[in-house]
Each structure stands twice: as C-alpha cells, then as structure tokens.
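Student:
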Amino acid sequence: MSIRQVPITKLFIYLVSAKHLSRTPAAAAARFSSASSTAPFIPIFQLGNGRGYHDGRPRGPLWRGKKMIGKEALFAIQGVKRFKDDEEKLDKFVKTHVLRLLKMDMIAVLNELERQEEVSLAVKIFNVIRKEDWYTPDVYLYKDLIIALARRRKMEEAMKLWESMRKEDLFPDSQTFSEVISGFLRDGSPADAMNLYEEMKKSPYPPEQMPFRILLKGLLPHPLLRNRVKQDFEEIFPEQRVYDPPEEIFGLS
Numbered sequence: 001m002s003i004r005q006v007p008i009t010k011l012f013i014y015l016v017s018a019k020h021l022s023r024t025p026a027a028a029a030a031r032f033s034s035a036s037s038t039a040p041f042i043p044i045f046q047l048g049n050g051r052g053y054h055d056g057r058p059r060g061p062l063w064r065g066k067k068m069i070g071k072e073a074l075f076a077i078q079g080v081k082r083f084k085d086d087e088e089k090l091d092k093f094v095k096t097h098v099l100r101l102l103k104m105d106m107i108a109v110l111n112e113l114e115r116q117e118e119v120s121l122a123v124k125i126f127n128v129i130r131k132e133d134w135y136t137p138d139v140y141l142y143k144d145l146i147i148a149l150a151r152r153r154k155m156e157e158a159m160k161l162w163e164s165m166r167k168e169d170l171f172p173d174s175q176t177f178s179e180v181i182s183g184f185l186r187d188g189s190p191a192d193a194m195n196l197y198e199e200m201k202k203s204p205y206p207p208e209q210m211p212f213r214i215l216l217k218g219l220l221p222h223p224l225l226r227n228r229v230k231q232d233f234e235e236i237f238p239e240q241r242v243y244d245p246p247e248e249i250f251g252l253s
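Per UniProt numbering, the sequence shown runs over residues 1 to 253.
And the structure:
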C-alpha cells in the first residue's frame, strides 16, 4: 500500500489548528478568570487634583501637538514669545503677523499661550481678539484666561478681566469662582475672597459645594468669616457636614 506524502507546511497548519481546537471553553474561561483576578484594576479615567469640573465643552487632547495648530499660528506663538521682553518689537509683530490671522488661528494662539503659562502674552492676544469684527462676548474665553491668571497669582490682572466680563453681561461659573477665591486666599487676602463670595451668592447658576469648601478651609484663621460661610453652607446643603478641626491645631485662641 502506498502512503500519500503531505507537504510539511500543511502538516504544520493542521497540528496548530488541532492544538487550539483541543482547548475546551471551560479551560479558556478558567484562564480568563484567573488573569482577571490577578490583574490590578485600572480606572478608565481619573479626575486630577480631586476636581470634578466639566463646563460642557467637548474634551480635547491633554496636549495640543504642533499638527493641530496651523503654521501661521505656530509662527505667531514663537514670535510673541521671542519679543515678549521688547514692547516695541512685540507691538510691531502683533500688527504685522497676529492681526492677519484667521479667527480659529488667533484663538489657537491664545489657548496655547495659556497652556504654556505665558499669561501676560495671552492677555495681550485676548485684547487683540476683543477688537476684531468677528468677536462676540464669550464666557469661556474669559474663564480660561482668568483661571490661568489666578493660578499664576496675577490677581490684579485677573480682576480687570473679571470686571470686563461682567460689563459684557457674562457671569462666571462655579469653577471660576473657586479658582479666583483660592487665588485670593493664597495671597492672604480673605476680604477680597469674601467679596467674591458675596457676588457668587447672586449667581444665576445653581450653587456647588467646591467654592464653599475652599473658603471653609482657607478661612480657618478667620473664625468670624468662616462661621458666615458655614451657616450658608449648612442652609444650602443640609445633608452635608462641615469638619471643624480643633482650634489648637491651627494656633487659634
């Protein structure tokens, strides 16, 4: 009897297929369950710095790459940064290069300068934008720049923009109040923080806990001011509790 010869490649494929087919569904499920039990849980997303703010805008990438910014906008960013220490050259560059940018490119320049914490340059570009024919009052443009200034402890410039925003009938949201109040508390200006707090109570938006909790923590050295905020907090959020640390921890008498 003659034996038919089988090519080696077909024989290899057959052996591999038979090996996989021999695995039962129960064994595959056991392997999956054991791998899942030993693997650490990785959350899908985490909120940075414990803040859960989201103002409704679509979430973009955490880092804006050069491919997402036009060449002219990139050139404008590099130019204003190069001349930022020379006011005369900076003004000339703005007139010759920034003013000719399209709307989206000019806004991209503003956003990128904020991201790079070049807040003084960002304020200059924003003032240019406000003079453009296409400009309409936008609370988000104000919000991002005010928050960037507050985080850089440029409170005087932040409040100038705040006043301009209010003159344009725009009202800040809870996150903007929280950031600016935090800025004043960091600078040791509880009176200014309380002025903003009184303005916040007139906000047309529903109250949120974060600004209250920032004040309750920052006003620990000022018990009278803190008690005012605490009473309001307990009236607005009756189901929430306020932790009062022992006075001796903070050197209060």
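All residues carry an ideal CB built from backbone N, CA and C; glycine is no exception. If you're wondering where the values come from, they're calculated on a predicted model, not measured in any experiment.
Are the CB atoms of A122 and E132 nearer to each other than 7 angstroms?
Tutor: At the C-beta level, A122 and E132 stay beyond 7 angstroms of one another.
Student: Hey, quick one: how far does the alpha helix (DSSP H) through P211 stretch, first residue to last?
Tutor: Q209 to G218
Student: Might you give, ordered along the chain, the residues of its own chain that have their beta carbon closer than 8 angstroms to the beta carbon of S189, omitting 5 neighbours on each side?
Tutor: M155
Student: What does a CB cutoff of less than 8 angstroms around R152 pick up in its chain, not counting 5 residues either side in sequence?
Tutor: E117 and V119
Student: Is it buried or exposed for residue 256, if we count other Cβ within 10 angstroms and need 16 for buried?
Tutor: Nothing about residue 256 can be reported from this structure: the residues present for the chain run from 1 to 253 only.
Student: Indicate whether R83 and F75 have their beta-carbon atoms separated by less than 7 angstroms.
Tutor: A small correction: the amino acid at residue 83 is Phe; Arg does not occupy that position in the sequence shown. No; because the gap between Cβ atoms is not below 7 angstroms, this pair is not in contact.
Student: For R241, which of L224, P223, L220 and R213 has the nearest alpha-carbon?
Tutor: Distance from the Cα of R241 is smallest, within the candidate group L224, P223, L220 and R213, for R213.
Student: How many angstroms separate the CA atom of residue 265 from the CA atom of W162?
Tutor: In the structure as shown, the chain begins at 1 and stops at 253. Residue 265 is therefore absent and cannot be evaluated.
Student: Are M200 and S178 close, meaning C-beta to C-beta below 7 angstroms?
Tutor: no
Student: So for D244, helix, strand or coil by DSSP?
Tutor: The three-state secondary structure of D244, taken from DSSP, is coil.
Student: Within its chain, find whatever has a CB closer than 8 angstroms to the CB of Y205; leave out the 5 residues flanking it on each side and keep chain order.
Tutor: F171, D173 and S174
Student: Go ahead and label T176 buried or exposed: buried means 16 or more other beta carbons lie within 10 angstroms of its beta carbon, across all protein chains shown.
Tutor: buried
Student: I need the DSSP call for W134, collapsed to helix, strand or coil.
Tutor: The answer is coil: DSSP assigns W134 none of H, G, I, E or B.
Student: In angstroms with no decimal places, state the Cα-to-Cα distance between E88 and D192.
Tutor: About 35 angstroms.
Student: Pull up the distance between the alpha-carbon of I107 and that of D86, whole angstroms please.
Tutor: 23 angstroms
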